[in-house]
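A.B. asks: Using the working numbering, you'd call the opening residue of the sequence shown number 9 and step up by one each time. Every residue gets a Cβ at the ideal spot worked out from N, C-alpha and C, and that includes glycine. Could you have a look at this structure, given as structure tokens, before my questions?
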Amino acid sequence: MIRFRPARTGRIALLAAHCDDLAIGAGGSLLTVCSARPGVQVDALVLSGGGTEREDEERAALAAFCPGADLRLTVLKLPDGRLPARWEEAKEAVEELRARTDPDLLFAPNPADAHQDHRGLARLVPTAFRDHQVLGYEIAKWDGDLGRPMAYQPLTPEIAEAKVGLLHRHYPSQRHRSWYDREAFLGLARIRGIECHARYAEAFHVNKLTFDLAGG
């Protein structure tokens, strides 16, 4: 198992189609990196939920998932499930995010995600962030689209439990959903942990990696 340690992680960008996508797909990783690097700059863009209780949930949740970070969050009002019809607005929003940040690390949806909003946003990301390492997070759903991710962030048991606790605390609007429970979140994290020799982990799909074989 080869471990990759970024030379720097001073700036992070987060992109999501819906409120709670980031916390579900990368909440443990955000807790890990923000706890280890106080003051890290985090620029987040969420395309839908603006002006509703979902935005309030997202603001409180990301503040908790990014402790000590310089967090800047934008939540737009694009209608859920309609991103293909609002392509220009979504494209403009991603371009605006790119104009204000040059991140060392970027979390975004996985291009193979079965949800049309997730998939659409994932396809927009490389049109604006052309030279950036993108970690495509996964979200379990009835479509059965988890696939075989290639990159892992191990999570300590404490971080994994903290993630589940924060998900339950900050997204009360989602608690009625059959898939939104402790078993689902910890179960997937346990499976991904097995795959990378850890107790728990979050897994990501990656786009490109460049090697420096002559480096010291």
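Is DSSP giving T109 helix, strand or coil here?
C.D. replies: coil
A.B. asks: Per DSSP, which residues does G144 bridge with? Please list them.
C.D. replies: A116 and H213
A.B. asks: Work out the CA separation of R94 and E66 for me, nearest whole Å.
C.D. replies: 22 Å
A.B. asks: Could you pull out every unbroken beta strand (DSSP E) segment of at least 3 residues lying fully inside the region 29 to 74, listed in chain order?
C.D. replies: 49 to 54
A.B. asks: Which residues share a DSSP beta bridge with D78?
C.D. replies: Q49
A.B. asks: Could you give the C-beta distance for V54 and L79, rounded to a whole number, given that I count them as a contact under 8 Å?
C.D. replies: Contact flag wrong, Cβ pair sits at about 12 Å.
A.B. asks: Under 8 Å between the Cβ atoms of E97 and L86?
C.D. replies: yes
A.B. asks: What number of angstroms, rounded off, separates the C-alpha of E100 from the C-alpha of F137?
C.D. replies: 13 Å
A.B. asks: With DSSP as the reference, identify every bridge partner of R19, one or two as the case may be.
C.D. replies: Q49
A.B. asks: When we look at the beta-carbon of F73 and count the other beta-carbons within 10 Å, is it buried (16 or more) or exposed?
C.D. replies: buried
A.B. asks: Please report the straight-line C-alpha distance between A69 and E169, rounded to a whole angstrom.
C.D. replies: 15 Å
A.B. asks: Assuming the contact rule is C-beta atoms closer than 8 Å, R127 and P165 should be a hit. Round their C-beta distance to whole Å, please.
C.D. replies: Going by Cβ atoms, the distance from R127 to P165 rounds to 32 Å, so no, they are not a contact pair.
A.B. asks: Does the contact criterion of 3 or more C-beta pairs under 8 Å hold for the region 147 to 165 versus the region 193 to 202?
C.D. replies: yes
A.B. asks: Taking three-plus beta-carbon pairs below 8 Å as touching, is the region 120 to 134 in contact with the region 18 to 30?
C.D. replies: yes
A.B. asks: Work out the CA separation of K171 and T40 for me, nearest whole Å.
C.D. replies: For T40 and K171, the distance between alpha carbons rounds to 10 Å.
A.B. asks: Among G195, N215, A52 and H205, whose alpha-carbon lies nearest the alpha-carbon of A107?
C.D. replies: A52
A.B. asks: Among E104, F12 and G173, which one has its Cα closest to the Cα of T135?
C.D. replies: E104
A.B. asks: Just confirm the distance between the C-beta atoms of A34 and E210, as a whole number of angstroms; I'd bet it's less than 8 Å.
C.D. replies: Between E210 and A34 the Cβ distance is about 6 Å, and since that is below 8 Å, they are a contact.
A.B. asks: DSSP three-state label for L154, please.
C.D. replies: coil
A.B. asks: Please identify the residue among T17, I32 and R19 whose C-alpha is closest to the C-alpha of F212.
C.D. replies: I32
A.B. asks: Restricting to Cα atoms, I'd like to know which of Y179, L114 and W187 is closest to N215.
C.D. replies: Taking only the C-alpha atoms, the option nearest N215 is L114.
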